[in-house]
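Enquirer: FYI, in this note's numbering the residues of the sequence shown are 36 to 624.
Don't be surprised by glycine CBs; every beta carbon is placed ideally from N, CA and C.
Can you keep this structure in mind? I'll have questions shortly.
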Amino acid sequence: MHDLVIRNGTIVDGTGDAPFQGDIAIDDGRITAVGRIHEDGKETVDATGLIVTPGFVDIHTHFDGQITWDPLLTPSCWHGVTTVVMGNCGVGFAPVAPNRHDWLIGLMEGVEDIPGTALSAGMQWNWETFPEYLDYLDTLPKALDVGTQVPHGAVRAYVMGERGAKNEPANPEDIYEMKRLVREGIEAGALGVSTSRTIVHRAIDGVNVPGTFAEEDEMMAFGEALAEAGTGVFELAPAGVTGDDMNLPDREVAWMSRVSAATGRPITFALVQLDVEPDHWKRMFDLSEEAVAEGADLYPQVTARAPGVLLGLQTNHPWVNTPTFEKISGHYTLGDGDTHHLRSNLIEEIAAEMVRPEIKAKLMEELVDAQQDIAFIDLTRVFPLQEPLDYEPSEEDSVAAIAQRDGQDAYDLFYDLMLEDDGKRMFFAPTLNYNEFNYEVVRKMLTHPRAALGLDDAGAHCGVICDASMPTFMLTHWARDRSRGEGLPLEFVVKKMTKDTAGLYGMHDRGVLRPGMKGDVNVIDLEQLKLRAPELAYDLPADGRRLIQKADGFVATIVSGEVIMRDGEDTGARPGQLVRGEQSPVSVV
Numbered sequence: 036m037h038d039l040v041i042r043n044g045t046i047v048d049g050t051g052d053a054p055f056q057g058d059i060a061i062d063d064g065r066i067t068a069v070g071r072i073h074e075d076g077k078e079t080v081d082a083t084g085l086i087v088t089p090g091f092v093d094i095h096t097h098f099d100g101q102i103t104w105d106p107l108l109t110p111s112c113w114h115g116v117t118t119v120v121m122g123n124c125g126v127g128f129a130p131v132a133p134n135r136h137d138w139l140i141g142l143m144e145g146v147e148d149i150p151g152t153a154l155s156a157g158m159q160w161n162w163e164t165f166p167e168y169l170d171y172l173d174t175l176p177k178a179l180d181v182g183t184q185v186p187h188g189a190v191r192a193y194v195m196g197e198r199g200a201k202n203e204p205a206n207p208e209d210i211y212e213m214k215r216l217v218r219e220g221i222e223a224g225a226l227g228v229s230t231s232r233t234i235v236h237r238a239i240d241g242v243n244v245p246g247t248f249a250e251e252d253e254m255m256a257f258g259e260a261l262a263e264a265g266t267g268v269f270e271l272a273p274a275g276v277t278g279d280d281m282n283l284p285d286r287e288v289a290w291m292s293r294v295s296a297a298t299g300r301p302i303t304f305a306l307v308q309l310d311v312e313p314d315h316w317k318r319m320f321d322l323s324e325e326a327v328a329e330g331a332d333l334y335p336q337v338t339a340r341a342p343g344v345l346l347g348l349q350t351n352h353p354w355v356n357t358p359t360f361e362k363i364s365g366h367y368t369l370g371d372g373d374t375h376h377l378r379s380n381l382i383e384e385i386a387a388e389m390v391r392p393e394i395k396a397k398l399m400e401e402l403v404d405a406q407q408d409i410a411f412i413d414l415t416r417v418f419p420l421q422e423p424l425d426y427e428p429s430e431e432d433s434v435a436a437i438a439q440r441d442g443q444d445a446y447d448l449f450y451d452l453m454l455e456d457d458g459k460r461m462f463f464a465p466t467l468n469y470n471e472f473n474y475e476v477v478r479k480m481l482t483h484p485r486a487a488l489g490l491d492d493a494g495a496h497c498g499v500i501c502d503a504s505m506p507t508f509m510l511t512h513w514a515r516d517r518s519r520g521e522g523l524p525l526e527f528v529v530k531k532m533t534k535d536t537a538g539l540y541g542m543h544d545r546g547v548l549r550p551g552m553k554g555d556v557n558v559i560d561l562e563q564l565k566l567r568a569p570e571l572a573y574d575l576p577a578d579g580r581r582l583i584q585k586a587d588g589f590v591a592t593i594v595s596g597e598v599i600m601r602d603g604e605d606t607g608a609r610p611g612q613l614v615r616g617e618q619s620p621v622s623v624v
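Shown next, in the form of structure tokens:
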């Protein structure tokens with residue numbers, strides 16, 4: 036008798052091959068049979084009419100703090116993710132000197148918009164070195180498997196102190212010690228090393244992430260550390276990635292190419308379409324292919340849709356800095372967990388107050404002065420978000436276009452819509468990847484043979500973005516629903532989120548449904564699969580707030596043969612493990 040049998044499903048096995056009907060058996064956490072299985076299981080999942088996929092592997096998350104208090108790693112667990120990789124973009128929490136805890140929290144809060152009060156209240160700091168951090172992660176209860184990377188920012192500050200934190204140049208002794216610590220982390224089980232070189236990544240005090248301006252010898256040393264350890268990925272947010280200086284990306288690809296070719300290690304870097312130069316992404320792919328031809332191994336990391344800020348009364352809006360709004364709401368700062376809790380209780384009352392004509396009149400008068408204090412208020416690029424959710428809206432669906440058709444001022448309309456649903460109405464404001472108001476460019480990026488799927492930043496940007504739902508979006512939008520252009524084959528979409536992402540990080544024991552592989556599986560009702568609307572939750576430590584998004588249609592999510600989520604609900608199973616280094620499938624007799 037098998038431990039678990041999944042029966043009569045449409046198996047999309049992660050290889051990219053066509054789906055087929057069959058069963059899957061799992062024993063001792065590993066897949067032992069795929070096909071027609073006659074033996075019973077101690078537990079059976081009926082997959083009739085459902086698709087069966089490998090568990091999804093999300094390589095770009097920021098759960099470094101949340102893992103210490105949330106074994107489910109919400110919202111990722113609601114979207115079929117069974118393995119996450121954290122420690123991205125050069126930020127993380129090890130190594131750390133005993134007097135640097137608050138500083139690292141400020142770095143993470145500034146770069147990734149995770150409330151510092153939540154991190155301070157939730158983390159225990161039972162480590163100093165990176166190996167000690169891994170050992171601590173090993174002890175935590177986990178529903179999902181977790182891998183992490185050595186963050187450049189933490190390493191630099193640990194070795195160089197204030198010099199490193201303030202981005203002063205590293206001397207040879209500094210570089211030697213940083214290289215030693217990176218190798219120590221890799222040999223202890225880290226899956227790679229990460230850095231950030233974009234000037235938009237800043238600590239809460241406005242200082243750039245340590246390593247932002249590091250010279251090539253520092254980058255080469257990290258690549259050499261990976262090479263000497265014989266494993267690991269180099270991940271980064273490159274200089275110029277957000278379009279701040281279009282002379283930088285070419286230089287970034289040049290040094291990445293040299294480092295990768297010299298060390299033999301893969302490098303994956305963030306790539307998006309920029310409004311300032313909409314076709315520049317093509318050049319980055321071309322340069323990457325040229326580098327590969329010369330011996331490098333580069334993977335531009337792309338995402339499945341436009342990274343989108345969610346605007347609304349609960350998050351951010353054009354009136355947030357006006358005197359009248361400050362008066363009626365208390366205007367508590369976005370990083371303060373206690374005052375967030377108060378605002379969550381008062382949101383309906385605030386909305387009711389703002390409906391009053393005299394209050395609206397005051398706020399509209401004050402709008403001009405307030406506009407300079409908030410980004411993302413070009414209402415030609417702001418779209419009402421309502422069910423069924425549409426993340427590929429046309430230009431005619433914008434607030435500005437609707438207002439023009441109705442003969443109404445755009446901000447007047449935005450104001451009225453914002454107060455609907457007792458002030459809980461949200462708006463989608465795509466910031467990147469949406470120059471042509473469609474996803475044709477995104478489709479081309481996704482289908483490029485060098486593209487790695489990532490950048491959803493699960494666990495981060497708590498107050499304005501919720502892109503951890505990317506796996507569900509890939510299935511619903513790209514494999515099923517897209518109407519404004521060609522979609523993508525289901526088997527391609529699944530492979531992109533499983534075999535490809537797992538393989539990039541050396542996790543060759545997952546991502547494909549075949550004997551010997553980990554028993555990480557999703558059973559999904561593809562016809563009924565849908566994203567729920569994003570919502571604001573106050574469930575972080577110290578009542579910190581974050582945006583969350585759930586999904587319907589995940590019948591079962593299975594990790595190592597144990598059902599961790601059933602119909603979107605936690606089963607209480609905690610089979611997740613720390614992934615230490617490269618992994619291989621086992622032999623199954």
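Can you tell me which of the three DSSP states Lys531 falls into?
Expert: Position 496 of the sequence shown holds residue 531. Helix, per DSSP.
Enquirer: Excluding five sequence neighbours on each side, which residues of the same chain lie with their C-beta closer than 6 Å to the C-beta of Lys531?
Expert: Here residue 531 is taken as the residue at index 496 of the sequence shown, counted from 1. Result list for Lys531: Leu488, in chain order.
Enquirer: Is the stretch 117-125 in contact with the stretch 217-229, if contact means three or more CB pairs nearer than 8 Å?
Expert: These segments touch.
Enquirer: Going by DSSP, what residue range makes up the alpha helix (DSSP H) through Lys77?
Expert: If you number the sequence shown from 1, residue 77 lands on position 42. No alpha helix (DSSP H) holds Lys77; the beta strand (DSSP E) holding it covers Gly76 to Asp81.
Enquirer: Is it buried or exposed for Asp457, if we count other Cβ within 10 angstroms and need 16 for buried?
Expert: Here residue 457 refers to the residue found at position 422 of the sequence shown. The residue is exposed, with fewer than 16 neighbouring Cβ atoms inside 10 Å.
Enquirer: Check for me: the alpha helix (DSSP H) holding Gln439 runs from which residue to which?
Expert: As a working note, residue 439 is residue 404 in the sequence shown. Run containing Gln439: Val434 to Asp441, per the alpha helix (DSSP H) assignment.
Enquirer: Identify, in the order they occur along the chain, each residue of the same chain with its Cβ nearer than 8 Å to the Cβ of Glu163, setting aside the five sequence neighbours on each side.
Expert: As a first step, residue 163 must be located in the sequence shown, where it is residue number 128. Taken in chain order, the residues that qualify are Ala129, Pro130, Val131, Ala132 and Pro133.
Enquirer: Could you round the C-beta distance between Val590 and Asp602 to whole angstroms and report it? I think they count as a contact, below 8 Å.
Expert: Working through the sequence shown from its first residue, we reach residue 590 at position 555. Working through the sequence shown from its first residue, we reach residue 602 at position 567. That belief holds up - the Cβ atoms of Val590 and Asp602 are roughly 6 Å apart, short of 8 Å.
Enquirer: How about Ala568 and Arg581: are their beta carbons less than 8 Å apart?
Expert: Position 533 of the sequence shown, counted from the start, is the residue given in the question as residue 568. Position 546 of the sequence shown, counted from the start, is the residue given in the question as residue 581. Result no, Cβ atoms of Ala568 and Arg581 do not sit closer than 8 Å.
Enquirer: The ligand ADP heavy atoms versus the CB of Pro419: any closer than 7 Å?
Expert: Because no ligand of any kind appears in the structure shown, any question about the ligand ADP cannot be addressed here.
Enquirer: For Tyr211, report the span of its alpha helix (DSSP H) as first-last.
Expert: On the sequence shown, residue 211 is found 176 positions in, with the first residue counted as 1. From DSSP, the alpha helix (DSSP H) with Tyr211 extends over Pro207 to Ala223.
Enquirer: Residues bridged to Val556 by DSSP?
Expert: Residue mapping note: residue 556 aligns to position 521 of the sequence shown, counting from 1. Per DSSP, Pro89 and Ile593.
Enquirer: Could you check where the alpha helix (DSSP H) with Asp516 kicks off and where it finishes?
Expert: Position 481 of the sequence shown holds residue 516. From DSSP, Asp516 is part of no alpha helix (DSSP H); its letter is neither H nor E.
Enquirer: Alpha carbon to alpha carbon, how far is Val476 from Asn468?
Expert: Translated into the one-based positions of the sequence shown, residue 476 becomes position 441. Translated into the one-based positions of the sequence shown, residue 468 becomes position 433. When rounded, the distance between both Cα atoms is 7 Å.
Enquirer: Any idea what DSSP makes of Thr415, helix, strand or coil?
Expert: Taking the first residue of the sequence shown as 1, we reach residue 415 at position 380. Helix at Thr415.
Enquirer: For the putative contact between Lys459 and Gln584, defined by C-beta atoms under 8 Å, what is the C-beta separation to the nearest angstrom?
Expert: Within the sequence shown, the letter at position 424 stands for residue 459. Within the sequence shown, the letter at position 549 stands for residue 584. Their Cβ separation, rounded to whole angstroms, is 14 Å, which puts Lys459 and Gln584 out of contact at 8 Å.
Enquirer: Where do the N-terminal and C-terminal ends of the beta strand (DSSP E) with Asp180 fall, by residue?
Expert: In the sequence shown, residue 180 corresponds to position 145, counting from 1. That run of the beta strand (DSSP E) goes Asp180 to Gly182.
Enquirer: Counting only the same chain and skipping the five closest in sequence on each side, list residues whose C-beta sits under 8 Å from that of Asn282.
Expert: As a first step, residue 282 must be located in the sequence shown, where it is residue number 247. Excluding residues within five positions, the ones whose Cβ falls inside 8 Å are Gly275.
Enquirer: Is it buried or exposed for Asn206, if we count other Cβ within 10 angstroms and need 16 for buried?
Expert: Here residue 206 refers to the residue found at position 171 of the sequence shown. Exposed, by the Cβ-count rule.
Enquirer: Roughly how many whole angstroms lie between the Cα atoms of Val194 and Leu216?
Expert: Within the sequence shown, residue 194 is the residue found at index 159, counting from 1. Within the sequence shown, residue 216 is the residue found at index 181, counting from 1. If I take the Cα positions, the gap works out to 9 Å.
Enquirer: Between Val417 and Ala464, which are expected to be in contact by the criterion C-beta below 8 Å, what is the C-beta distance as a whole number of angstroms?
Expert: Stepping through the sequence shown from its first residue, residue 417 is reached at position 382. Stepping through the sequence shown from its first residue, residue 464 is reached at position 429. Yes, Val417 and Ala464 are in contact; Cβ-Cβ is about 5 Å, under 8 Å.
Enquirer: From Gln612, Glu570, Gly442 and Thr338, pick the residue whose C-alpha is nearest to that of Val528; which is it?
Expert: As a first step, residue 528 is located in the sequence shown; it is residue number 493 there, counting from the start. Of Gln612, Glu570, Gly442 and Thr338, the residue nearest in Cα terms is Thr338.
Enquirer: By the three-class DSSP mapping on this structure, what secondary structure does Tyr540 have?
Expert: Position 505 of the sequence shown, counted from the first residue, corresponds to residue 540. Three-state result, Tyr540: coil.
Enquirer: Looking at C-alpha atoms only, which residue of Phe304, Pro620, Ile86 and Thr606 is the closest neighbour of Gln336?
Expert: For the purposes of this step, residue 336 is taken as the residue at position 301 of the sequence shown. Of Phe304, Pro620, Ile86 and Thr606, the residue nearest in Cα terms is Phe304.
Enquirer: Below 8 Å between beta carbons: does that hold for Lys534 and Thr50?
Expert: Stepping through the sequence shown from its first residue, residue 534 is reached at position 499. Stepping through the sequence shown from its first residue, residue 50 is reached at position 15. Contact: yes.
Enquirer: I'd like to check one pair, Phe269 with Arg300: are the Cβ atoms closer than 8 Å?
Expert: Counted from its first residue, the sequence shown places residue 300 at position 265. Counted from its first residue, the sequence shown places residue 269 at position 234. Yes, the pair counts as a contact, with Cβ atoms nearer than the cut-off.
Enquirer: Taking Phe257 as part of the alpha helix (DSSP H), name the residues at either end of that continuous run.
Expert: Locating residue 257 in the sequence shown gives position 222, where the first residue counts as 1. Unbroken alpha helix (DSSP H) run through Phe257: Glu251 to Ala264.
Enquirer: With which residues is Thr230 paired in a DSSP beta bridge?
Expert: Position 195 of the sequence shown, counted from the start, is the residue given in the question as residue 230. In DSSP, Thr230 forms a bridge with Leu271.
Enquirer: Need the endpoints of the beta strand (DSSP E) that Asp52 sits in, please.
Expert: By one-based count along the sequence shown, residue 52 stands at place 17. Note, Asp52: premise wrong, no beta strand (DSSP E); not H, not E.
Enquirer: When you compare the stretch 495-509 with the stretch 98-114, are there three or more beta-carbon pairs, one atom per stretch, that lie closer than 8 Å?
Expert: Result yes; three or more Cβ-Cβ pairs closer than 8 Å.
Enquirer: With 16 as the cutoff for other CB atoms within 10 Å, does Thr368 come out buried or exposed?
Expert: Here the question's residue 368 lines up with position 333 in the sequence shown. Bear in mind that a pLDDT of 40 at Thr368, under 50, signals an unreliable position, so the number given afterwards is only what the model happens to contain. Result: exposed.
Enquirer: Given this structure, state the Cα-to-Cα distance separating Ser155 from Trp104, to the nearest angstrom.
Expert: By 1-based counting over the sequence shown, the position of residue 155 is 120. By 1-based counting over the sequence shown, the position of residue 104 is 69. Roughly 12 Å between the two C-alpha positions.
Enquirer: Under the rule that 16 or more other beta-carbon atoms within 10 Å means buried, what is Asn161, buried or exposed?
Expert: Counting from one through the sequence shown, the residue named residue 161 turns up at place 126. So Asn161 counts as exposed.
Enquirer: My assumption, with CB atoms under 8 Å, is that Val556 sits in contact with Ile41. Please give the rounded CB distance.
Expert: Counted from its first residue, the sequence shown places residue 556 at position 521. Counted from its first residue, the sequence shown places residue 41 at position 6. Yes, they are in contact, since the Cβ atoms of Val556 and Ile41 sit about 6 Å apart, within 8 Å.
Enquirer: From which residue to which residue does the alpha helix (DSSP H) around Val146 run?
Expert: As a first step, residue 146 must be located in the sequence shown, where it is residue number 111. Residues His136 to Glu147.
Enquirer: Would you identify the three-state DSSP class for Ala339, choosing helix, strand or coil?
Expert: If you number the sequence shown from 1, residue 339 lands on position 304. Ala339 falls in the coil class under three-state DSSP.
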